[in-house]
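Data first, discussion second: the structure below is written as structure tokens.
Shown next, in the form of structure tokens:
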């Protein structure tokens, strides 16, 4: 018997419908479960998780050879989100369950005792299901708040496989989940607020201008003048995120598996401060199977590069194109993925200023601070003292922080 259950994959920040086809009692071959359709290791291992979960839930795994096809076959399937649809397909194909799932999407990882665990990327998956005209989405109970952000589709939170089976048979229906309103959702307050910064009034005025115009900023000065503190406080004076922007940022964190627990919607502008040992793939995104990098995690927020000269030249050069286009495209042999990268870039340098010498005068006399400040206005040499092309960090505004006292 053949059973079909709809699930979903993520490609970049967008979802892609996946049809899970289960054919039980296939003639010939060795008895067991065979999964085809370009699955990764986590999907292949779902055979054992699904068997154990079905038996722990009081169900029966069909005997003989079982073929599970994840269509389309040319799309790579990653992660354990297909455990639940495969289990439901096995029960339907084996005759243990009768259910109409033509208008539903099923997502979830199974534990060995039949529980349904959290899955990354639920938000873009449910967005796609709503656009495709599907009416129901069965998601892990822990991800119900995230899925409920999407309008036009009913969300059913599933905590166990047996609970889903009872719902589909009509024995114990699961009520549709009513999401929390945006203004009632919990959110983490900003760790640093601009109002707690004392002194440095000229610098604060410059940062206010940069925030109003969306300019990139370069902070220079000796240690202990508050460069990092001011950078961390920058998101607190930026305009609040609109709902569309908040959902866009939340999709990035959902796909990356970094959405905070209990906070399905990120309403505060992100602040990212990678260490200077970060690789270019970690900064702009990439890897064998591309994932969002720091510039995408800082989308609609602030990316802060502290101790700028410590960053490798190749790492800084790759920022040029995302700064211009506000997107980053990662190309691989299997295809290209585009991530958003619309962020404010802030940098910090520990440069000292000799007594009685202004940045403008220093530019004429070869002072590093003067060279940085003159590059911000388009004059002076085109490379920094560390050999990094000046265009790689493009300061719109260079600000000197005088030492306290």
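In this note's numbering, the protein residues as written are 549 to 953. For every residue, glycine included, the Cβ atom is placed at its ideal position computed from N, Cα and C. Note that the coordinates shown come from a computational prediction; the quantities given were computed from them, not determined experimentally.
The count of Cβ pairs closer than 8 Å, one atom from the region 683–694 and one from the region 659–672, reaches three, so the stretches are in contact. For residue 685, the enclosing beta strand (DSSP E) begins and ends at 684–688. Around the CB of residue 558, 16 or more other CB atoms lie within 10 Å, so the residue is classed as buried. Annotated as proximal: residue 641 and residue 549, with beta-carbon spacing under 8 Å. Look at residue 636 here: in three-state DSSP terms it is helix.
A Cβ-Cβ separation of about 7 Å places residue 896 in contact with residue 779 under the 8 Å criterion. Excluding five sequence positions before and after residue 631, the CB atoms of its chain that fall closer than 8 Å to its own CB belong to 594, 597, 598, 601, 656, 657, 658, given in chain order. For the 8 Å CB-CB criterion, residue 614 and residue 564 do not form a contact.
Around the CB of residue 847, 16 or more other CB atoms lie within 10 Å, so the residue is classed as buried.
Excluding five sequence positions before and after residue 745, the CB atoms of its chain that fall closer than 8 Å to its own CB belong to 752, 774, 777, 778, 781, given in chain order.
Rounded to whole angstroms, the gap between the alpha carbons of residue 702 and residue 888 is 29 Å. The Cβ atoms of residue 662 and residue 604 lie closer than 8 Å to each other.
The residue from 700, 720, 769 with its alpha-carbon nearest to that of residue 708 is 720. In the three-state DSSP reduction, residue 862 falls in the helix class (H, G or I). Burial is judged here by how many other beta carbons sit within 10 angstroms of a residue's own beta carbon; residue 628 has at least 16 and is buried. Here DSSP, grouped into helix, strand and coil, assigns residue 809 to coil.
Membership of residue 745 in any beta strand (DSSP E) is not indicated, and neither H nor E is assigned to it by DSSP.
If you look at residue 673, you'll find it in the alpha helix (DSSP H) that goes 670–679.
Within the same chain, Cβ atoms closer than 8 Å to the Cβ of residue 699 are found at 678, the five residues on either side in sequence being excluded.
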